[in-house]
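Written out below as structure tokens is the structure these notes cover.
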Amino acid sequence: MELSALESEGQGKILSNPRIMTGDQVKATIEQGTELPYQTTSQNGSKLQFRKANLRLEVLPKIHPDGKISMLVGINKDTIGMKTEQGYAIDTKSLSSEVTVENGGTAIIGGIYQTTEREDEVKIPLLGDVPLIGHLFRHKSKLKDKTELLVFLTPTVLDKH
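By this note's numbering, the letter at position 5 of the sequence shown is numbered 5, and the numbering carries on one by one without gaps.
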């Protein structure tokens, strides 16, 4: 398959390969991620709470008499954003679509893009701050990355027997 070729060339990465079983016109959900702590304050003091940052897929399949399968698909991708005094912001991207495929056919859904630009500095404590020679003890690097999340859905109708 083309995705495997991209992965073997270092140009793609399979993040997850989950499988889920559901019934005709019954919603199925797959969710994977982490919970991030954040602080809230009130008259009673401060309290630690958690927010989810997940990759979530919801599918509502409908089996047609001709054997084709329609799916209402919802994809939500949360990522950790900027750090604030209360905790981390969560950047959310989502899309929804309806696709129809043959039994065993594959639908490819894309469109969730992310561009990351970051500049980091690593230095040896104290020596990196010394005037005139400090630059010898620190290193700056820039990262620029562009990614697209592709979801491959392959529904298969199971025999009732």
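All residues carry an ideal CB built from backbone N, CA and C; glycine is no exception.
Suppose you measure from the CA of residue i to the CA of residue j; what does that come to, to the nearest Å?
{"i": "Ile63", "j": "Thr154", "result": "13 Å"}
{"i": "Gly128", "j": "Phe137", "result": "5 Å"}
{"i": "Asp10", "j": "Ser97", "result": "Asp is not the amino acid found at residue 10; the sequence shown has Gly there. Distance between the alpha carbons of Gly10 and Ser97: 29 Å."}
{"i": "Ser94", "j": "Phe152", "result": "16 Å"}
{"i": "Val130", "j": "Ile124", "result": "10 Å"}
{"i": "Gly110", "j": "Leu150", "result": "5 Å"}
{"i": "Ile75", "j": "His135", "result": "45 Å"}
{"i": "Gly105", "j": "Asn44", "result": "56 Å"}
{"i": "Gln39", "j": "Glu102", "result": "49 Å"}
{"i": "Lys146", "j": "Asp120", "result": "18 Å"}
{"i": "Ala107", "j": "Glu148", "result": "16 Å"}
{"i": "Arg56", "j": "Thr116", "result": "21 Å"}
{"i": "Ala53", "j": "Ile90", "result": "7 Å"}
{"i": "Leu158", "j": "Gly23", "result": "10 Å"}
Can you say whether residue i is buried or exposed, counting buried as having 16 or more other CB atoms within 10 angstroms of its CB?
{"i": "Ile80", "result": "exposed"}
{"i": "Lys77", "result": "buried"}
{"i": "Met71", "result": "buried"}
{"i": "Val59", "result": "buried"}
{"i": "Pro61", "result": "buried"}
{"i": "Leu143", "result": "exposed"}
{"i": "Leu126", "result": "exposed"}
{"i": "Ile69", "result": "buried"}
{"i": "Leu15", "result": "exposed"}
Looking at the structure shown, is residue i part of a helix, part of a strand, or coil, going by DSSP?
{"i": "Met1", "result": "Its pLDDT being 45, under 50, Met1 is placed unreliably by the model, and the measurement read from it follows with that caveat. The answer is coil: DSSP assigns Met1 none of H, G, I, E or B."}
{"i": "Leu126", "result": "coil"}
{"i": "Leu132", "result": "coil"}
By Cβ distance, which residues of its chain are closer than 6 Å to residue i, with the 5 residues on each side in sequence left out?
{"i": "His139", "result": "Val122"}
{"i": "Glu85", "result": "none"}
{"i": "Gln25", "result": "Lys62"}
Might you give, ordered along the chain, the residues of its own chain that have their beta carbon closer than 8 Å to the beta carbon of residue i, omitting 5 neighbours on each side?
{"i": "Thr41", "result": "Lys47"}
{"i": "Pro37", "result": "Leu48, Gln49, Phe50 and Gly87"}
With a threshold of 7 Å on Cβ separation, who are the neighbours of residue i within its own chain once the five nearest residues in sequence on each side are excluded?
{"i": "Gln32", "result": "Ser16, Asn54 and Leu55"}
* Asked: What residue ranges within the segment 1-78 form continuous alpha helix (DSSP H) runs of no fewer than 4 residues, ordered along the chain?
  -> The qualifying runs are 2-8.
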